[in-house]
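Numbering (this note's numbering), first residue to last: 63 to 246.
Take a look at the structure below.
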Amino acid sequence: MDAVAQPVPQFDQTRPRRLIVGLSGSTGPHYGVRLLEILREQRPDIETHVILSNAARMTIRYEMDRDPDSVAALAHTLHDERNVAASIASGSFITDGMVVAPCSMKSLSAIANSYNDNLIARAADVCLKERRRLVLVVRETPLHLGHLRLMEQVTAAGAVVLPPVPGFYHRPHTIQASSASTWT
């Protein structure tokens with residue numbers, strides 16, 4: 063049986079709480095946007111660092127009819143996806159982890175294979191190597207064997223694959239309510 067990497071908890075209560083949120087170009091930017099809204103409303107003490115891929119900016123406009131800059135404004139810091147030398151690209155920049163929501167198959171593949179060609183992949187790679195939490199909200203259907211193997215690979219490296227499968231027992235009436243069930 064393969065050993066699965068386990069995240070190491072960070073016990074230093076004096077450091078700021080920080081979370082990286084990456085939005086890739088997959089359909090469903092609602093998931094990442096709703097997470098940022100919840101953090102801003104309920105946990106303003108958590109310093110958020112957001113990365114919007116160029117494709118995410120397009121899907122935010124198309125699927126949400128929203129300006130991507132308004133999404134970026136929900137975070138404390140916006141990072142350019144091309145800047146692989148950003149603070150969050152270093153293990154010395156301590157965070158509580160990272161969420162990629164939505165996580166495209168391209169981003170999943172880059173993260174699973176340590177192909178750090180953009181800041182989303184690089185920051186995720188740092189989380190894995192430093193044993194910090196990494197949650198990937200993989201938004202693709204149907205899945206083929208290659209997708210499943212990539213999910214297995216990132217899980218073995220320590221990531222959590224969280225497909226956004228909404229619950230309907232609370233009878234959501236909006237897309238926002240449905241996507242919020244992923245975070246509650």
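No residue lacks a Cβ here, since even glycine has one placed at the ideal position from N, Cα and C.
What you are looking at is a predicted structure, and each value in this text was computed from that prediction instead of being measured.
Tell me the rounded alpha-carbon separation between Pro-91 and Thr-244. 13 Å
Find the nearest neighbour of Val-83 within the set Met-126, Ser-240, Ile-108, Thr-236, judged by alpha-carbon distance. Ile-108
Take every Cβ of the region 186-200, pair it with every Cβ of the region 156-165, and state whether three or more of those distances are shorter than 8 Å. yes
When the distance is taken between beta carbons, is Ser-176 closer than 8 Å to Ser-86? no
Suppose contacts are defined by Cβ-Cβ distances below 8 Å. Is Ala-137 in contact with Leu-97 by that definition? no
Would DSSP call Ala-108 helix, strand or coil? As written in the sequence, residue 108 is Ile, which differs from the Ala given in the question. Ile-108: strand per DSSP, three-state reduction.
Around the C-beta of Val-227, are 16 or more other C-beta atoms found within 10 angstroms, so that it is buried, or is it exposed? exposed
Alpha-carbon to alpha-carbon, Asp-131 and Val-216: The alpha-carbon atoms of Val-216 and Asp-131 are separated by roughly 30 Å.
Quick one: is Pro-164 buried, meaning 16 or more other Cβ sit within 10 Å of its Cβ, or exposed? buried
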